[in-house]
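Comments concern the structure below.
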Amino acid sequence: MILMGVLLFAACEKDCLDPANPECANYDPCLAYEPANASFKMLIIPISTYDWDCDGGEPRDLEFEVDTVFATGGDIYFRADQTELQASNVSYEWRVGADPQVWTTRQFNLGFLENAVGDVPVTLIVEKINPDLCGGTAYTRDTVTKILHVREPLDNTYTDGSWSAVFGKWEGYNTDDESRTFQIEFKPGWRLEGLFDGCIVESPDLSIGLKQFYIAALGKPDCNRVCGVGALSPDRRELSMDYSYDGANGERVSRTFKGVKVE
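Okay, so the sequence shown: first residue is 1 according to the UniProt record's numbering, each after it adds one.
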């Protein structure tokens with residue numbers, strides 16, 4: 001019986017003809033090789049959202065992808081999408097605008113002063129070792145450039161809402177009840193109205209960016225201790241917000257609001 005089992009196993013090994021399976025005789029490592037990828041993200045991580053757990057989830061830093069920032073408004077984080085189990089197999093080369101410095105890590109952060117106002121090109125070059133010489137090359141290389149728009153610093157973020165596309169009225173619904181539509185409104189002075197009857201969320205429980213916002217009103221029972229994170233679509237015409245709050249029986253309710261700008 002033991003001999004039969006060994007023979008059957010050997011037969012299975014011999015009959016294995018999957019080039020993507022490392023156990024097969026005709027395995028082709030080039031099928032699993034992923035070439036260099038220089039795509040990357042430009043992110044902000046507001047200080048007040050470090051270790052965010054307002055929604056009851058695991059503590060984490062809230063990250064928002066951006067393409068426009070204000071000068072002197074805090075650091076921007078640049079992070080490559082390329083990942084590799086063996087870091088020595090990949091090299092990174094970042095260049096930002098006219099800055100002579102070159103960054104060589106997968107992620108770094110950088111602030112922008114008023115002299116950087118304008119369109120700043122950000123370029124990432126990634127090279128990745130190709131150990132099996134797939135395609136006849138010893139490494140692969142990819143380059144991506146994005147434009148970061150740096151705007152003048154704000155004189156007063158509270159009295160004028162023209163600086164952010166978040167401000168205004170949004171009409172929509174919760175995705176679990178699309179038949180019921182309602183409006184929410186973000187007002188200058190950093191106020192949110194309409195989410196619940198009689199509820200007004202204000203700063204510092206509400207923070208607004210150019211295309212994103214977050215709510216952390218755990219100290220406001222009149223707003224059902226609501227927490228949420230929202231962002232606009234790339235064309236800034238649609239808004240999506242994931243939020244949670246205390247239900248009628250004290251249970252935590254999680255919902256998603258989808259809306260379009262009406263005013």
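We treat Cβ as the ideally placed atom computed from N, Cα and C, and that holds for glycine.
Neighbourhood of residue i by C-beta distance below 8 Å, restricted to the same chain and skipping five residues each side
i           : result
ILE200      : ARG191, LEU192, GLU193 and CYS223
residue 280 : As displayed, the chain neither begins before 1 nor continues past 263, which places residue 280 out of reach and without an answer.
ARG237      : VAL260 and LYS261
Residue i burial status per 10 Å Cβ neighbour count (16 or more: buried)
i           : result
ILE2        : At ILE2 the pLDDT is 48, less than 50, meaning the model places this residue with poor confidence and gives no usable figure here.
ASP205      : buried
CYS54       : buried
residue 326 : The chain is shown only over 1 to 263; residue 326 falls outside these bounds and no answer can be derived.
SER179      : exposed
SER164      : buried
Beta-carbon proximity check, residue i vs residue j, cutoff 9 Å
i      : j      : result
LEU232 : THR68  : no
VAL229 : TYR245 : no
ALA36  : ASP132 : no
TRP52  : PHE78  : no
ILE45  : LEU148 : no
Neighbourhood of residue i by C-beta distance below 7 Å, restricted to the same chain and skipping five residues each side
i      : result
GLY118 : VAL150
CYS12  : Reliability fails at CYS12, whose pLDDT of 48 lies under 50, so the model's placement of it is uncertain and no value is given.
GLU202 : TRP190 and ARG191
ASN26  : LEU17 and PRO19
Supposed contact pair residue j and residue i - C-beta distance, whole angstroms, cut 8 Å
i      : j      : result
GLY168 : GLU263 : 6 Å
ALA20  : LEU31  : 5 Å
Cut-off 6 Å between Cβ atoms - residues of its own chain near residue i, not counting five sequence neighbours on either side
i           : result
PRO153      : PHE70, ALA71 and THR72
residue 279 : The structure shown does not extend to residue 279, since the chain spans only 1 to 263, so no value can be given for it.
ILE184      : TRP170, GLY194 and LEU195
Per DSSP, the bridge partner or partners of residue i
i      : result
LEU113 : None, per the DSSP bridge assignment.
CYS227 : ALA216 and SER244
GLU93  : ILE125
Residue i beta carbon near the ligand GDP (any heavy atom closer than 8 Å)
i      : result
VAL144 : For the structure depicted, the ligand GDP is absent and the ligand set is empty, with no information on it obtainable.
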